[in-house]
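Chains as they are written, first to last, in the working numbering: chain A, 1 to 332; chain B, 333 to 664. We put the beta carbon where it would ideally sit given N, CA and C, even for glycine.
Protein chains: 2
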Amino acid sequence: MRVTIRDVARAAGVSVTTVSRALNGAADVGEETRQRVIEVAKQLNYRPSHVARSLVLRKSQNIGLLVSDFRKGGHHFLYDVLVGVHDTLAEYGYDVTLVSTDTARQQLVSYVDFCRARGLDGVIVMGIRLDDPYVEEVVESTLPSVVIDLPLLSRHCGYVMTDNVNGARYAVRHLVSRGCKRIGFVNGAAHAAVSRERLRGFEEAVRQYVGAFDERLVVYGDFTLEGGQRALAELLAKSPDVDGVFFASDLMAIGGIQHCKAMGIRVPDDLAVVGFDDIDLARFVTPALTTVAQPRYEMGCEAAKMLVHMLQKGEMPSGTLLPPQLVVRETA
Amino acid sequence: MRVTIRDVARAAGVSVTTVSRALNGAADVGEETRQRVIEVAKQLNYRPSHVARSLVLRKSQNIGLLVSDFRKGGHHFLYDVLVGVHDTLAEYGYDVTLVSTDTARQQLVSYVDFCRARGLDGVIVMGIRLDDPYVEEVVESTLPSVVIDLPLLSRHCGYVMTDNVNGARYAVRHLVSRGCKRIGFVNGAAHAAVSRERLRGFEEAVRQYVGAFDERLVVYGDFTLEGGQRALAELLAKSPDVDGVFFASDLMAIGGIQHCKAMGIRVPDDLAVVGFDDIDLARFVTPALTTVAQPRYEMGCEAAKMLVHMLQKGEMPSGTLLPPQLVVRETA
DNA sequence: TTGCGCTTCCAAAACGTTTTCGGGTATATT
DNA sequence: AATATACCCGAAAACGTTTTGGAAGCGCAA
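In C-alpha cells, the structure reads:
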C-alpha cells in the first residue's frame, strides 16, 4: 500500500535510520549513500507520514484556528484574517485546522483539551468576546496562543489587533478637518474590547481637536445595520445639532445613512459620516462611505508570525497594534 | 506530562487493552470495570491522542479543504461554503484542515501527495477552474473527493453545484414576466463550467419564453465589476433595443447598473437587471438588486455529507444540483 | 600490539493507540 | 466428572517515524 521509510531503506540497501538521517539532512551519513537514498526516495515517490512524525516528535506542525462564532456576520473580517493566517503559516510549514468553539462546547470539553487531543502546536483565536468563558482558558493555559482583536496577554498568550484608538482619532480628526463642530459617536457593543478602545480614541480626539467632550454624544448600535439606524435616530433626537458622526462599524454607518435618506438629511452636506472596517460594501454604497480600514489580512499574518516565533524561538508573546488607515470617499 | 492510556490503565488496575475497549464501547468488558475505567479516565482528564489513533487506524478523521485561489475575490462564496463544510463535518466528527493549491504547487508536489502525507481521509475542492492542471489529478486519484462548482465525476470524485441552468431560466422567466421582450446576457468567463451552464439555461429559456435566440445578445464580462460595465456597453452598442439583462454575477450586474447611471438609463424602467449569486452587496446597492441566490452554505454541507457517506458507507460519489432561488428586489 | 579518534552505519526503543489471539474463570451441558 | 460455552481480561504486535547508544572499520600515534 503506502510506501514507508522501510521500503526506501530496503530499496537503497541501508537501514531506516540512515534513510531518516539522509532525508532530514543529518550529519553522519556518507555523501554517496545520501544521494542514493534521496534518489531512491524520489523514485518510489516516498512521502514521510506526518502522523507518524507527529507522534514521535510530539509536535504536529499543525495549528488551530479557533473561531468563536463562524456563522454570525463578520464574513469579510474572518475570511481575510483566515487567509492571512493560512498564507503565512503555510510559509512556515504549518498546517491549519479549523476549530469552532461551538463544536468544542458541544462536546463539553475545554478548548484546550480539544486542541491537545489533536496535538495542535498552538492556536489562533478570533471572534471571541470578552465575556466568553473560554477567555479565561486562553490566558491561563500553557498552549501557545495568540488572540485577534482582544488584548489578552499572558505567559503563553499574545494578541494582535488594529490600533483602534488611533483609528478613532483619525476619524474624528478628519471630521474636524471637514469643518464638523459637533461630532457624535455610534459605538458598537459595550462589552467588546474594540468598542472601549474606539471610545477612548474618540474621546481623546474630541478633547484635542474640538475641546469639550460631551458624553451624551455617544450612543450604542450593537454593530448591526438596524442598530445603526436606531442609534443615529436616538443621537439626533438628543442632539439635533450634530454635524458629523463616527460609526464604530461600516454596517452601522450604512444603517445610519439609510436613516438619513429616510429623514431627508443630506450626507455629507447636513451630516458627515465616517465608518470603521472598510468592508466591501463601503465603496459600493451611495454615497460611497468614508471609513477607517483595518488591515485584516495583515492581522492574520502578524498573528501567525507571532505564534510561530513563540513556537520555534521560544519568544515571549507580545501585543501588537497594527495601524489602521483612513479611506476618504464621499460621506465625509 | 501528557496523560496516556497507560496511566489510566495503571490507575484503574487494568490493562491498556481493557481501557481502550471500555472507552470505545467494545462488547467484552465487564460493566463494573467499564464504569471504573470511565471514572478514572474522567478523573485524570484523559484525552486519547488523535495522532496515535490515526497512525494505527490509518485514517485521521481529518479532511482537507482545498482552495484553489484563496485571495482572489469570491470572499462570500468561499467563506459560506467553508462554514457549511466545517459545520457538517464537525457534526460527523471530522476535522478540516485548510489546503491551498498554492502551497502544494510551491512545493512542487501533487496535491494528492500533499494530502496523503498528511493522512487526510478525503478532500473537498473549491474554487478550481476547468483548465487547472490539478483537475486531472482530482478525477484520477483514488483519494475520495468532492468538487464544488465543477461537474467532475469519477470513481472517487463527486461534485455539488447549484443548478445553474435552472437559475438562468428563473432569471429569464422573471424578466419576461416583467414584460421584457429583448433580453441580453452578460456571461462570466468562457472557460468556467458555471458559465456554460448558465448560458445553456439562458438559451433554453429564451427559446421557450420569447421565441428566437439571438446569440449576439450574449457578451462576456469576466465576472468583474469593470467587466460588467464594459460588457453592458458592448451589448447596448450592438443592440440598443434590449430591455432586460441577465448578468452571470452580481458584481457584473452592479457594474452594469453603474454604467446605466452614467448613461442616464433608468433601472429598471428602461432596463431591467437581474444578477446571480446574491452577495451581501445585492440588498444594499440602490436600486436593490434582483438576483438568483446560490445556497452557498448548503453547498458546503452537501459536499461534506457526500464525502462522509463515501468514506463511511462506501457510497459511490454522485453529482448533486442544489436549487437556486430567485430573490426579487428592485432592479427587475 | 594496543589505544584512540573519526567516520559511517545500524539495532532497538520510543511515541500512544487499536486489535489479534489466546488464557483464565465460572457456569451450563453431557 | 468431563467438557463445552460464555464472559472478561491481558500480552504483544502493529502503525511509520526519530533518536539513542553503540559497533565496525580505518588510520594513526604510542
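Residue i in three-state terms, based on DSSP
i: A/Ile128; result: coil
i: B/Ser477; result: strand
i: A/Gln43; result: helix
i: B/Tyr443; result: helix
i: B/Met666; result: Only positions 333 to 664 of chain B appear in this structure, which leaves residue 666 of chain B out of reach.
i: A/Val29; result: coil
i: B/Leu564; result: helix
i: B/Leu621; result: coil
i: B/Leu430; result: strand
i: A/Arg211; result: Per the sequence shown, residue 211 of chain A should be read as Gly rather than Arg. Correct three-state label for A/Gly211: coil.
i: B/Phe409; result: helix
i: A/Gly13; result: coil
i: A/Ser177; result: helix
i: B/Tyr552; result: strand
i: B/Ser381; result: coil
i: A/Val139; result: helix
i: A/Tyr159; result: strand
i: A/Val85; result: helix
i: A/Gly119; result: coil
i: B/Tyr466; result: helix
i: A/Ala205; result: helix
Endpoints, the alpha helix (DSSP H) within which residue i is located
i: A/Thr101; result: Thr101 to Gln106
i: A/Ser20; result: Val16 to Asn24
i: A/Cys301; result: Arg296 to Lys313
i: A/Leu153; result: First-last for A/Leu153: undefined, no H or E at that position.
i: A/Ala282; result: Leu281 to Phe284
8 Å contact criterion, which residue i and residue j should meet: CB distance rounded
i: B/Arg505; j: B/Ala537; result: 6 Å
i: A/Gly167; j: A/Phe276; result: 7 Å
i: A/Ala233; j: A/His191; result: Not really, about 23 Å apart at Cβ, beyond 8 Å.
i: A/Gly227; j: A/Met252; result: 6 Å
i: B/Asp575; j: B/Ala604; result: 7 Å
i: A/Ala22; j: A/Ile5; result: Incorrect: roughly 10 Å between the Cβ atoms, too far for contact.
i: B/Arg449; j: A/Ser60; result: Strictly speaking, residue 449 of chain B in this sequence is Ala, with Arg absent from that position. Contact flag wrong, Cβ pair sits at about 13 Å.
i: B/Val606; j: B/Thr622; result: 5 Å
Terminal residues of the beta strand (DSSP E) in which residue i lies
i: A/Asn187; result: Ile183 to Asn187
i: A/Ser239; result: Looking at the DSSP string, A/Ser239 is not in any beta strand (DSSP E), and its letter there is neither H nor E.
i: A/Asp277; result: Ala272 to Asp277
i: A/Val67; result: Asn62 to Val67
i: B/Val599; result: Taken as a continuous stretch (DSSP letters only), B/Val599 belongs to no beta strand (DSSP E), as it is neither H nor E.
i: A/Val327; result: Gln325 to Val327
i: A/Leu322; result: Gly319 to Leu322
i: A/Gly244; result: Gly244 to Phe247
Residue i CB to nearest heavy atom of the ligand PLP below 7 Å
i: A/Ile5; result: This structure lacks the ligand PLP; in fact it carries no ligand of any kind.
Buried or exposed (CB count within 10 angstroms, at least 16 for buried), residue i
i: B/Lys374; result: exposed
i: B/Asn356; result: exposed
i: A/Asp80; result: buried
i: B/Leu531; result: buried
i: B/Pro649; result: buried
i: A/Thr142; result: exposed
i: B/Lys570; result: exposed
i: A/Gly211; result: exposed
i: B/Ala563; result: buried
i: A/Met1; result: exposed
i: B/Leu507; result: buried
i: A/Ala333; result: Given that chain A is displayed from residue 1 to residue 332, the structure contains no residue 333 of chain A and the question cannot be resolved.
i: B/Ala358; result: exposed
i: B/Gln626; result: buried
i: B/Val478; result: buried
Exercise. May I ask you to verify whether the segment 146-159 of chain A touches the segment 205-222 of chain A, counting CB pairs closer than 8 Å and requiring at least 3?
Key: no
Quiz item: Taking one C-beta from the segment 106-123 of chain A and one from the segment 58-66 of chain A each time, how about it: are there three or more such pairs within less than 8 Å?
Solution: yes
Quiz item: Taking three-plus beta-carbon pairs below 8 Å as touching, is the segment 633-651 of chain B in contact with the segment 610-620 of chain B?
Solution: no
Practice problem: Please confirm if the segment 41-55 of chain A is in contact with the segment 97-113 of chain A, defined as three or more CB-CB distances below 8 Å between the two stretches. | Solution: no
Exercise. Determine, using beta-carbon pairs with one atom in the segment 347-355 of chain B and one in the segment 181-191 of chain A, whether at least three such pairs fall under 8 Å.
Key: Not touching, per the Cβ criterion.
Self-check item: the segment 289-298 of chain A / the segment 88-101 of chain A touching (three or more Cβ pairs under 8 Å)
Solution: no
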